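Everything below concerns the one structure shown next.
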Amino acid sequence: MKRLLLAVAALFAVALSASAVAIIPQPQSVTEHNYNFVVNASTLIVCNEEQLVPIAKYAQEYVKVNVAKTAPKSNYISIALDKRLAEEEYRLSVAQEAVHIVAGGYGGAFNGVQTLFQLLPSAVYTKNMPLPATVCGCNVADKPKFAYRGLLLDVARTFITKENVLRYIDYLAYHKVNKLHWHLTDNQGWRIEIKSHPRLAKVGGFRGGDSPINAALGKWGEKYGGYYTQEEIREVVAYAAVRNIEIIPEIDLPGHSGALARIYPEILCKNSDGTPRKSGAVVCATNAENYKFLEEILAEVCALFPSKHFHIGGDEVNMSQWKSCPDCSAWLEKNGYTDGHKLEDMFIGRIQDILAKYGKSPSVWNEAAFGGGLSKEAWVHGWKSPKICKQVMAKGYPTIFMPQQFFYFDMRQSEHENGAVWGGCFDVRKVYSFDFAKEGFTPEEVAHVKGFEAAAWSEVFLSQGGDKSIDFIEYQTFPRLCALSELAWGKNGGGEWQEFHNRLYQHHYDRMVDMEINFRITPPKVKYSEGMLSIEKIDNSVIYYRVDGSDSRKLYNGAIRTSHPGKYLFWAEYRGAKSPEVAHSSHYKTLKPKVTLTSSLKDVEKYGYHRVADYYMSIRVAETYKKGDWFLFEFDEPVECRSIEFITGSHAVPSRLITKGYLEVSYDGKSFHRVAELNYGRAKLLNPKPIKAARIVATDDDVPGAKIRLCSPIIYPKW
Ligand code: TNX
4 MKRLLLAVAA
14 LFAVALSASA
24 VAIIPQPQSV
34 TEHNYNFVVN
44 ASTLIVCNEE
54 QLVPIAKYAQ
64 EYVKVNVAKT
74 APKSNYISIA
84 LDKRLAEEEY
94 RLSVAQEAVH
104 IVAGGYGGAF
114 NGVQTLFQLL
124 PSAVYTKNMP
134 LPATVCGCNV
144 ADKPKFAYRG
154 LLLDVARTFI
164 TKENVLRYID
174 YLAYHKVNKL
184 HWHLTDNQGW
194 RIEIKSHPRL
204 AKVGGFRGGD
214 SPINAALGKW
224 GEKYGGYYTQ
234 EEIREVVAYA
244 AVRNIEIIPE
254 IDLPGHSGAL
264 ARIYPEILCK
274 NSDGTPRKSG
284 AVVCATNAEN
294 YKFLEEILAE
304 VCALFPSKHF
314 HIGGDEVNMS
324 QWKSCPDCSA
334 WLEKNGYTDG
344 HKLEDMFIGR
354 IQDILAKYGK
364 SPSVWNEAAF
374 GGGLSKEAWV
384 HGWKSPKICK
394 QVMAKGYPTI
404 FMPQQFFYFD
414 MRQSEHENGA
424 VWGGCFDVRK
434 VYSFDFAKEG
444 FTPEEVAHVK
454 GFEAAAWSEV
464 FLSQGGDKSI
474 DFIEYQTFPR
484 LCALSELAWG
494 KNGGGEWQEF
504 HNRLYQHHYD
514 RMVDMEINFR
524 ITPPKVKYSE
534 GMLSIEKIDN
544 SVIYYRVDGS
554 DSRKLYNGAI
564 RTSHPGKYLF
574 WAEYRGAKSP
584 EVAHSSHYKT
594 LKPKVTLTSS
604 LKDVEKYGYH
614 RVADYYMSIR
624 VAETYKKGDW
634 FLFEFDEPVE
644 CRSIEFITGS
654 HAVPSRLITK
664 GYLEVSYDGK
674 SFHRVAELNY
684 GRAKLLNPKP
694 IKAARIVATD
704 DDVPGAKIRL
714 CSPIIYPKW
């Protein structure tokens with residue numbers, strides 16, 4: 004009986020997948036038919052358009068059949084141009100005899116192929132799909148609403164290997180995302196080889212150890228990082244171009260130039276007494292030599308990227324570095340200005356002129372759009388808020404929407420997950436909910452929006468460490484990027500969450516598994532009433548649970564009777580993909596016993612040691628620690644708990660922490676026992692004996708000038 008049921012279920016599943024056209028991003032128009040096209044070993048991919056040959060070859064990597072120039076009578080997939088359509092527009096018709104993709108240009112043909120992939124079994128993404136394979140008969144007429152559908156990849160904070168960048172490009176291509184904004188430089192790293200100044204990448208590509216770039220985030224002590232040679236950059240650009248992705252490089256100037264300045268400090272402003280400055284992250288705007296130097300760098304970068312657009316940064320410039328510079332302040336005075344932004348405007352204008360010599364037009368962050376000197380051809384990336392995007396648009400700039408509240412994918416996706424905190428806490432649903440009308444945009448304004456971009460900033464990715472960081476980037480990006488892709492395509496599904504979510508979990512989860520994306524599954528809802536703990540499923544994943552403190556995985560198959568609902572941690576799994584663990588609210592309750600903090604070092608008064616008693620507050624230390632410096636936590640009463648964690652550094656990002664040190668605890672307030680080494684500045688104890696006091700002791704010297712932070716301990720009560 005069981006076997007029979009399984010067989011029926013399997014049949015039903017096949018019937019479902021064969022009949023349903025469930026594409027992400029949803030095409031403009033789809034008509035389904037009640038017949039199928041079958042791809043078998045003798046199907047041909049037909050293409051006699053020179054320009055489209057790379058697409059035919061690309062398709063052949065996934066659907067392993069032959070490519071031909073002329074069409075047989077039947078059983079083929081043809082890819083052709085029809086100049087009446089727009090560049091990225093396509094028509095796909097799946098008939099019983101053949102599949103036809105016609106497109107206005109390369110981009111449209113590529114989009115058509117991606118839609119065809121989503122009509123095939125998800126195994127197509129494994130490049131090993133069993134044949135024959137069935138495609139549901141249909142007619143699709145489709146084009147994107149927005150020309151710019153992008154992702155920013157920050158390889159400066161976390162280096163991403165070339166292989167992983169290529170993998171990322173595949174993921175973007177599957178979602179018809181057509182721009183990669185490659186953030187190649189920042190305070191923490193320089194990732195692109197510059198032949199005229201080789202030290203930039205050879206030195207600036209690495210942090211820690213003997214590098215002048217401090218390991219400000221993540222791993223300390225040992226040297227780590229990497230960079231791309233020019234040859235590798237060309238390879239990535241070409242790989243992306245085949246996949247209809249334009250790469251827009253970013254060299255972040257004049258702020259966020261810390262890595263550049265660590266290697267060439269002469270690029271910085273002078274101190275107010277005219278002496279050379281040693282540290283800082285802002286390029287001096289009035290030193291004529293700097294423009295020559297920057298031109299040498301920019302010229303090389305321009306030659307590597309065919310895109311007409313070149314992102315030159317312009318964000319978060321620390322104006323005080325210019326104001327205290329004798330030359331920059333003299334320039335302001337001579338021109339009758341007091342506002343440092345005038346210097347930024349002048350700087351951006353000069354870089355814009357340099358780019359023009361190489362046929363490029365600048366892209367900038369929104370801060371740089373308000374000076375008046377920026378060419379109206381420049382693209383502006385609006386990150387602060389929808390309101391800022393509106394102001395930028397009012398100035399007439401093609402604007403790319405990426406307000407952090409919706410599109411900063413470094414932000415955590417729920418309250419108890421890892422990720423950045425400052426810009427919000429949101430998952431795929433919030434990304435999908437972005438709505439121009441709700442944000443106060445008129446249809447006329449929307450007509451001038453250039454597009455959308457999500458930002459995979461990577462400070463927090465580091466905290467996952469080494470090879471794990473790429474998994475975390477994927478986890479942070481997917482499925483949020485699926486929502487962005489549909490938004491940028493025009494939300495042709497109508498924009499209703501439930502409908503999108505159905506497509507996502509009923510069809511796209513399978514595809515993402517086969518794409519080998521480490522994506523996040525939306526967790527189930529936990530309910531507790533009348534002593535019964537239960538789960539509300541929201542998709543077709545399987546629910547597991549474990550009891551706090553144990554790793555043993557149990558299948559959830561019905562409500563659990565318990566008086567300690569917080570003890571159970573649930574998660575959803577779908578073909579190996581996982582949701583985060585979720586629990587009843589009582590799981591997250593912490594203890595806040597009376598505690599005092601003292602140290603061998605002074606604190607910053609306003610953010611001082613007294614804040615330890617407030618719990619979760621960030622505490623700042625006023626001096627640089629040396630080997631042997633200590634921090635002592637003393638509890639009024641011995642603390643009984645199931646776990647206690649001591650944290651040096653900032654909460655979300657592994658920075659400003661004690662690199663090397665240990666934790667010792669005392670059960671009587673007198674004798675101490677060394678119980679743990681710090682790992683990324685933290686130490687966690689499980690089921691300790693009641694603790695009266697705990698001391699963190701540093702075992703190395705911090706880098707000169709660095710000042711660490713601390714958090715209050717996080718203490719979970721016993722069950
Ligand atoms: C702000 S947005 C930044 C980035 C950080 C990001 C972290 C912008 C132009 N600058 O440098 O990585 O926040 O969320």
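Its first residue numbered 4, the sequence shown is counted upward by one per residue in the working numbering.
Each residue gets a CB set at the ideal place from its N, CA and C atoms; glycine is no exception.
This one's a predicted model, so the numbers in the text were calculated from it and none came from an experiment.
Nearest C-alpha to residue 137 among 98, 657, 628: 98.
Within the chosen limit of 6 Å, the ligand TNX does not reach the beta carbon of residue 174 with any heavy atom. With respect to the 7 Å criterion, residue 58 and residue 101 are not classified as neighbours on the basis of their beta carbons. Nearest in C-alpha terms to residue 370, of all of 362, 638, 392, is 392. Following the DSSP letters along the chain, one finds residue 42 inside the beta strand (DSSP E) bounded by residues 32-42. Using a 10 angstroms sphere on the CB of residue 54, the tally of other CB atoms stays under 16, which defines it as exposed. For residue 368, the distance from the CB to the nearest heavy atom of the ligand TNX is below 6 Å.
Straight-line measurement puts the Cα of residue 340 at about 20 Å from the Cα of residue 291. Collapsing the DSSP output to three states places residue 632 in coil.
Taken from the Cβ of residue 159, every heavy atom of the ligand TNX lies 6 Å or farther away. For residue 176, the closest C-alpha among the options 116, 190, 149, 187 is that of 116.
Segment contact: the region 261-269 against the region 321-334, fewer than three CB-CB distances shorter than 8 Å; contact not assigned. The DSSP-derived three-state label of residue 585 is strand. In the three-state DSSP reduction, residue 450 falls in the coil class, being neither helix nor strand.
If only uninterrupted beta strand (DSSP E) runs of at least 3 residues are considered, those enclosed by the region 176-233 are 182-186. C-alpha of residue 31 to C-alpha of residue 211: approximately 51 Å in a straight line. Contact between the region 610-621 and the region 690-705 is absent: fewer than three C-beta pairs spanning the two stretches fall below 8 Å. Residue 334 sits in a helix when the DSSP states are folded into three classes. Here the region 251-260 makes contact with the region 311-322; the two share three or more CB pairs at distances below 8 Å.
Counted as a single uninterrupted DSSP element, the stretch harbouring residue 47 is not any alpha helix (DSSP H) but the beta strand (DSSP E) occupying residues 47-49. Short of 7 Å from the beta carbon of residue 627, and not among the five residues preceding or following it, lie these beta carbons of its own chain, in chain order: 705, 707, 708, 709, 710. DSSP, reduced to helix, strand and coil, places residue 683 outside both helices and strands of the structure shown, so it counts as coil. One thing to note: residue 46 has its Cβ within 7 Å of the Cβ of residue 68. Minimum Cα-Cα distance from residue 593 among the listed residues 357, 52, 643 corresponds to 643. Listed in chain order, the non-local C-beta contacts of residue 25 below 7 Å within the same chain comprise 506, 509, 510, local neighbours out to five positions each way being set aside. Around the beta carbon of residue 556, fewer than 16 other beta carbons sit within 10 angstroms, so the residue counts as exposed. Taking 8 Å as the upper bound for CB-CB distance, residue 366 and residue 313 are in contact here, some 7 Å apart.
For residue 527, there is no enclosing alpha helix (DSSP H), as DSSP marks it with neither H nor E. The beta carbons of residue 639 and residue 673 sit no closer together than 7 Å.
Nearest Cα to residue 451 within the set 404, 464, 106, 81: 404.
Of 161, 90, 488, the smallest CA-CA separation from residue 463 is found for 161.
Looking at the backbone, the Cα of residue 388 and that of residue 587 are separated by about 33 Å. Between residue 43 and residue 72, the C-beta gap is not smaller than 7 Å, which leaves the two residues out of contact.
Cβ-Cβ distances below 8 Å link residue 110 to 90, 91, 181, 247 in the same chain, with the five nearest sequence neighbours on each side left out; the list follows chain order.
Here the alpha carbon of residue 166 sits roughly 15 Å from the alpha carbon of residue 228.
Counting C-beta pairs closer than 8 Å gives fewer than three between the region 125-140 and the region 435-442, which falls short of the contact rule.
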